[in-house]
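If you count by numbering that gives the first Met the number 0, then the sequence shown holds residues 0 to 216, one letter each, in order. Positions of the beta carbon are idealized from the N, C-alpha and C atoms, including for glycine.
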Amino acid sequence: MAMELTFCFDFLSPYAYLAWTQIHPLAARHGATVRPAPVLFAALLNHHGQKGPAEIPAKRAYVFKDVVRRARLLDVPLAAPASHPFQPLLALRAVLAAPEGDRRALIDGLFAATWGRAERRGIDDPATVAHVAQAAGLDGEALVARTREPDIKDALRRATEEAVRAGVFGVPTVRVGGELFWGLDSFDLLERHLRGEGGVSDEALARFAAIPSGAER
Numbered sequence: 000m001a002m003e004l005t006f007c008f009d010f011l012s013p014y015a016y017l018a019w020t021q022i023h024p025l026a027a028r029h030g031a032t033v034r035p036a037p038v039l040f041a042a043l044l045n046h047h048g049q050k051g052p053a054e055i056p057a058k059r060a061y062v063f064k065d066v067v068r069r070a071r072l073l074d075v076p077l078a079a080p081a082s083h084p085f086q087p088l089l090a091l092r093a094v095l096a097a098p099e100g101d102r103r104a105l106i107d108g109l110f111a112a113t114w115g116r117a118e119r120r121g122i123d124d125p126a127t128v129a130h131v132a133q134a135a136g137l138d139g140e141a142l143v144a145r146t147r148e149p150d151i152k153d154a155l156r157r158a159t160e161e162a163v164r165a166g167v168f169g170v171p172t173v174r175v176g177g178e179l180f181w182g183l184d185s186f187d188l189l190e191r192h193l194r195g196e197g198g199v200s201d202e203a204l205a206r207f208a209a210i211p212s213g214a215e216r
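Structure, rendered in structure tokens:
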């Protein structure tokens, strides 16, 4: 049975966009499959008591510069979104409202509409989501209508809660069994893990876990 890589993401994150363009060839190199798991980044931040990068002006400026550099390095198209931060709920729910077999194409389109070519109206706009869904071979208007249904809203809430229980605190995060790989820059470690290399001993982890706190702020 192929190993499953659970790709936790929010369209809000430019790093999640770049990572999405890389996760499929990475998985293919190791005979693994990718399970997309949309989660609400804001809920992760709230749970862990964190601010998002866009809420810290110096970090926001650095992130966008870093993303431009990495996109060039990866030869991935990158454009400024219509707004940022924006409300990603509609797009995240649309992924869960789509049939599983159509989700990759829909995610491709929604990421492209946000970061790849940057539509004039963002994916917080129902017309944009419907247009992207239609281009992915779905009934766009029906899909947008489906996002308003309670079971879809609950599905996103449950997916986010599942990620929190697994220890996810940021996006993108790839879950492989009980291991987490956070960020695009962890993909080299993910590859080593899939090759059976670069493990961390329980003894080493226990030593670090036992370090006492020496200061508070």
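Could you give the distance in angstroms between the alpha-carbon of V143 and the alpha-carbon of A129? 6 Å
At a cut of 8 Å, does the region 83-91 reach the region 118-125 through at least three beta carbon pairs? yes
So what does DSSP say about E3, is it helix, strand or coil? strand
Under 8 Å, with one C-beta from each stretch per pair, do the region 143-158 and the region 35-42 reach the 3-pair mark? yes
May I have the straight-line CA-CA distance separating W19 from A205, to the nearest angstrom? 33 Å
What do you get for V131, buried or exposed, if any count of 16 or more other CB atoms within 10 angstroms of its CB means buried? The residue in question, V131, is buried, as its Cβ has 16 or more Cβ neighbours within 10 Å.
Taking 6 Å as the limit between beta carbons, can you name the residues of its chain near P13, skipping five residues before and five after? V66 and W114
If G31 sits next to E54, beta carbons under 8 Å apart, how far is it from one beta carbon to the other, in whole angstroms? Residue identity differs from the one stated: residue 31 is Ala in this sequence, not Gly. About 34 Å; that fails the 8 Å criterion.
Rounded to the nearest angstrom, what separates D187 and A208 at their Cα positions? 24 Å
Kindly indicate the opening and closing residues of the beta strand (DSSP E) around E178. E178 to W181
Compute the Euclidean distance between the alpha carbons of P76 and A214, then round it to the nearest angstrom. 44 Å
Checking the sheet assignment: what are the DSSP bridge partners for A36? C7
Contained alpha helix (DSSP H) runs [length at least 4] in the region 50-111, N- to C-terminal order: 56-73, 88-96 and 102-110
How big is the Cα-Cα spacing for S185 and R174? 12 Å
Just checking my contact of L179 with T172 at CB under 8 Å: how many whole Å lie between their CB atoms? Sure, about 6 Å apart at Cβ, within 8 Å.
Smallest Cα separation from R164: which of A1, L43 and L11? It is L43 whose Cα lies nearest to the Cα of R164.
Could you tell me how far apart the beta carbons of L72 and L105 are, in whole angstroms, since I believe they sit closer than 8 Å? The beta carbons of L72 and L105 sit about 27 Å from each other, so the pair does not count as a contact at 8 Å.
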